[in-house]
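Numbering (our numbering), first residue to last: 70 to 249. We put the CB at the ideal spot given by N, CA and C, even for glycine. Working notes for the structure below.
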């Protein structure tokens, strides 16, 4: 009889959630997402975490900031503006160490403007809410679509997770009596 003990086999995974939309001014909002990275294996591991925004084209991104409890990360204590990697992805962690005890939580806050009366270049003056091609499979450029990408060494496929939320859209028509 043989007993095999595997030591130092990190298995890193992550989960992304849409948290909230808070109005901060006329047509401006703070949109919050949370990403939790965990090592569910044994021993220490290393990962890279990227975040990609693909909002409805009528939504203008004003600011992006993040904070994290990951030791040694520039976003700890935060908030700080992440670096763009040249492929429209924000770098939240590069070669970040993680043990098999403590998960890392990243909070991403995106400041946006939605002005359907004066749409930006590429916008059409119509806000398209979140849409799914299958359950929990959101379609980019709808609502506040957001994709995170977790990469670990020697992994063939990156792990991806999506989240989507919507801005409050209120449309109304005013009518009154006809006065002659």
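Please list, in chain order, all residues of the same chain as residue i whose beta carbon is under 6 angstroms from its beta carbon, the five residues on each side excluded.
i	result
residue 192	126, 127
residue 54	For residue 54 there is no data in the structure shown, the boundaries of the chain being 70 and 249.
residue 174	105, 138
Can you list, in chain order, the residues of its chain with a C-beta nearer than 8 angstroms to that of residue i? Leave out the 5 residues immediately preceding and following it.
i	result
residue 149	134, 135, 136, 143
residue 146	136
residue 206	231
residue 210	123, 124, 125, 126, 197
Kindly indicate which residue of the options has the alpha-carbon position closest to the one of residue i.
i	options	result
residue 80	240, 232, 227, 97	227
residue 110	146, 171, 237	171
residue 106	98, 87, 138	138
residue 99	114, 83, 131, 123	131
residue 190	86, 129, 85	129
residue 108	200, 156, 165	165
residue 84	247, 242, 229	229
residue 179	140, 249, 215	215
residue 167	103, 102, 141	141
Excluding the five sequence neighbours on either side, which residues of its own chain have a C-beta within less than 7 angstroms of the C-beta of residue i, listed in chain order?
i	result
residue 96	182, 183, 184
residue 160	119, 151, 152, 154
Output the boundary residues of the beta strand (DSSP E) element that contains residue i.
i	result
residue 218	215-220
residue 87	81-94
residue 99	97-108
residue 159	159-167
residue 138	No beta strand (DSSP E) holds residue 138; DSSP gives it neither H nor E.
Would you say residue i touches the ligand SAM, meaning its beta carbon is less than 7 angstroms from a heavy atom?
i	result
residue 237	In the structure shown, the ligand SAM is absent, as is every other ligand, since no ligand is present at all.
Just checking: is the beta-carbon of residue i within a distance shorter than 8 angstroms of some beta-carbon in chain D?
i	result
residue 107	Of the protein chains in the structure, only one exists, and it is not chain D.
At least three beta-carbon pairs within less than 8 angstroms, the stretch 112-119 to the stretch 207-220 = yes
ask   = Between the stretch 88-105 and the stretch 232-239, do three or more beta carbon pairs fall short of 8 angstroms?
value = yes
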